[in-house]
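The next block holds one structure in the form of structure tokens; read it before the comments.
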Amino acid sequence: MSTRSASPDDSGAGETEIIRLPARRTGIIGRVSDYAIRTLDGDDVVEANTLFRAALHSRPSEAEHRAEVRAGYPAGRALGVLDGDDLVGTAMSFPSALAVPGGAVRSMAAVSRIAVRADHTRRGVLTMLQKHQLADLAGRGEVFASLRASEASIYGRFGYGVAERIRSITVRSAIARIRPTVPRVGHTRLVDQTRIDSLLPALYERIGLHRAGMITRPDELWRARFLGWRTSSDLIRTAVHSDADGTDDGFVVYRTAKDGSGFTSFLEVIDLHGATPTATRELWRFLLSIDLIDSIKVMMQAVDDPLEWLLTDRRAVEVTGVEDATWLRILDVPTALAARTYAGGDAVVIEVEDPQLPANSGRYRIDGEGAHRTEEPADLVMSVAVLGALYLGDVAPSALACSGWLTATDETVLARADRLFRTTIPPYCGTFF
Numbered sequence: 011m012s013t014r015s016a017s018p019d020d021s022g023a024g025e026t027e028i029i030r031l032p033a034r035r036t037g038i039i040g041r042v043s044d045y046a047i048r049t050l051d052g053d054d055v056v057e058a059n060t061l062f063r064a065a066l067h068s069r070p071s072e073a074e075h076r077a078e079v080r081a082g083y084p085a086g087r088a089l090g091v092l093d094g095d096d097l098v099g100t101a102m103s104f105p106s107a108l109a110v111p112g113g114a115v116r117s118m119a120a121v122s123r124i125a126v127r128a129d130h131t132r133r134g135v136l137t138m139l140q141k142h143q144l145a146d147l148a149g150r151g152e153v154f155a156s157l158r159a160s161e162a163s164i165y166g167r168f169g170y171g172v173a174e175r176i177r178s179i180t181v182r183s184a185i186a187r188i189r190p191t192v193p194r195v196g197h198t199r200l201v202d203q204t205r206i207d208s209l210l211p212a213l214y215e216r217i218g219l220h221r222a223g224m225i226t227r228p229d230e231l232w233r234a235r236f237l238g239w240r241t242s243s244d245l246i247r248t249a250v251h252s253d254a255d256g257t258d259d260g261f262v263v264y265r266t267a268k269d270g271s272g273f274t275s276f277l278e279v280i281d282l283h284g285a286t287p288t289a290t291r292e293l294w295r296f297l298l299s300i301d302l303i304d305s306i307k308v309m310m311q312a313v314d315d316p317l318e319w320l321l322t323d324r325r326a327v328e329v330t331g332v333e334d335a336t337w338l339r340i341l342d343v344p345t346a347l348a349a350r351t352y353a354g355g356d357a358v359v360i361e362v363e364d365p366q367l368p369a370n371s372g373r374y375r376i377d378g379e380g381a382h383r384t385e386e387p388a389d390l391v392m393s394v395a396v397l398g399a400l401y402l403g404d405v406a407p408s409a410l411a412c413s414g415w416l417t418a419t420d421e422t423v424l425a426r427a428d429r430l431f432r433t434t435i436p437p438y439c440g441t442f443f
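Note that my numbering gives residue 206 to position 196 of the sequence shown, counting from 1, and the numbers run on in steps of one.
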């Protein structure tokens, strides 16, 4: 059992909260200066979660939910940095898999819950966590790591590159109507929130990874999501769409909250996935039909989503922002490059630099048939972070060359590289972790 001392005002999970773990002589996997790092297990992960929530200026989970918090941590995948017995930094990952261009799926670590205690920032704690986590994940044979960055300036130096962008939108419900010529297909129904634990994981798996950037959701990730939804102060509901044959093929989880002092509320989409464009369209038809909703907000929508094209008044959809989502770290460059497909055209040779995982460094020949190591002279030179940004097809090599992120021997090389890495649709993950 660990002990926790609250901040002086005893207000809960403040930045000054001190978390102490039981003293152990075993399990230490590294030391830097006064800090030790070890794998966390048992109740230690609950304390790690408390530290993470404190970094977000949130209170810890209630004591009654400790078992559920623990169940949201996969065994052996949480790290803690200690100053003596004080937990001052943490990071973890979920075992997942990533769909890449061409439809192949390869192993991926969904990195999450990274936190450093406020009085230990900028002392190398995050670097220590990242160094050991990357080595651990690569040692497990995982091909990719991915995370969502709270700050854009942090993770590039650890080999992560922005591989996917998302848009946020606000829909004015009063004028948002699906065009009458768009046929209604199937049926959308509300489901009991007590049933979603058994319903949604199977439905998400059935929907499948039909787009580059999508990821599998392990049980621990679902448990964490369900706990968050159950303990939310907002009213959360779930609707499921069935096709014309009665087969479930899409779902939406959303929350509603009062919009001022009147009768109307706003609705925020939390999680929406359809196996087909038709299923997604019909889920939107349902959302737009809900009475007393002034606006619908989506914080995580694909940048190419066609919602406005479905409506009689496309100006009912306001794009309120576009931001980075997937930060991709390639842990095994040869396997990653060989896994995805490339458009036809002449070959290019890229040189990849990866100081953290030097086995990745080297030259790779890429053409329409695939990719492999080579000793040929390099046409393009880039860091592993830049390769991560290029990998899913969200940004062209020429754009990164113009901004100084990679070097090319000449302009014709960039045209060839653009053609090879180009994809028909941009990547989209649709899962926050």
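Ideal Cβ placement from N, Cα and C applies to all residues, glycine included.
In chain order, what residues of the same chain lie with their CB nearer than 6 Å to the CB of residue i, ignoring the 5 residues before and after it?
i    : result
D20  : Reliability of the predicted coordinates at D20 is poor, the pLDDT of 35 falling under 50, and no value is obtained from them.
G10  : Because residue 10 is not part of the residues shown, which for the chain are 11 to 443, the question remains open.
A101 : L89, I124, L139 and Q143
S15  : Any reading at S15 must be qualified, since the residue scores a pLDDT of 34, below 50, and its modelled position is unreliable; no value is offered.
R432 : A353
Y438 : R221, G223 and A312
L277 : Y264, T266, I303 and I306
A159 : Y165 and W337
A119 : S103, L147, E152 and A155
R187 : T322
N59  : V79
D281 : V263
Which residue wins for smallest C-alpha separation from residue i, given the options the options?
i    : options                   : result
A64  : I28, L89, G82 and D95     : I28
G440 : L157, F276 and Y374       : L157
D229 : G82, S122 and L402        : G82
Y352 : I360, T345, A381 and T330 : A381
S413 : R235, Y438, I360 and V396 : V396
G166 : F443, Y438, W415 and T419 : W415
L108 : A73, D420, A346 and D44   : A346
T274 : D304, D259, W319 and A114 : D304
Y214 : H251, F62 and R189        : H251
E74  : R132, V56 and A411        : V56
S271 : L245, Y264 and L302       : L302
E421 : F443, L402, L390 and Y401 : L390
D244 : R216, V115, R233 and V279 : V279
E161 : A335, D207 and R205       : A335
P32  : D281, D54 and S371        : D54
V42  : E386, F442, K268 and T137 : T137
S133 : D44, P111 and D356        : Checking the sequence shown, residue 133 turns out to be Arg, not Ser. The option with the nearest alpha carbon to R133 is D44.
A418 : E386, F443, I360 and L210 : I360
G355 : I39, L424 and P111        : L424
R492 : L402, E385 and S106       : Coverage of the chain is limited to positions 11 through 443, which leaves residue 492 absent and any answer about it impossible.
R177 : A85, V115, D315 and L231  : D315
R199 : F62, S371 and I300        : I300
E72  : V192, P211, R240 and S208 : R240
Under a CB-based cut-off of 8 Å, is residue i close to chain B?
i    : result
L136 : The structure shown contains no chain B; it is built from a single protein chain.
Per DSSP, residue i is paired with what?
i    : result
H283 : F261
L97  : L92
Y45  : V42 and D93
D269 : Partner(s): none; D269 has no beta bridge.
V172 : W337
Q311 : R177
G380 : D377
M102 : A88 and S122
E363 : S393
T417 : V391
G331 : S178
A109 : V115
Could you give the C-beta distance for residue i and residue j, rounded to a whole number, given that I count them as a contact under 8 Å?
i    : j    : result
S117 : E152 : 5 Å
T257 : V201 : Not really, about 15 Å apart at Cβ, beyond 8 Å.
G260 : G284 : 3 Å
V172 : A399 : 5 Å
F443 : S122 : 5 Å
Return the chain-ordered list of same chain residues with a C-beta closer than 8 Å to the C-beta of residue i, the five sequence neighbours on each side being excluded.
i    : result
A254 : V195 and G196
L317 : I179, V181, W294, Q311 and V327
R216 : D258, D259 and A285
G7   : A query on residue 7 cannot be resolved here, the shown segment of the chain reaching from 11 to 443 and no further.
R189 : L320, L321 and T322
Spatial neighbours of residue i within its chain, please: CB distance less than 7 Å, with the 5 preceding and 5 following residues excluded, ordered by chain position.
i    : result
D428 : A406, P407 and S408
For residue i versus residue j, is the C-beta spacing smaller than 8 Å?
i    : j    : result
A145 : D342 : no
A349 : R373 : no
P436 : V262 : no
T180 : T330 : yes
I376 : L430 : yes
R175 : V332 : yes
S103 : R80  : no
V7   : R426 : Nothing about residue 7 can be read from this structure; the chain reaches only from 11 to 443.
Q366 : G169 : yes
R30  : D93  : no
L320 : R291 : yes
D51  : A77  : no
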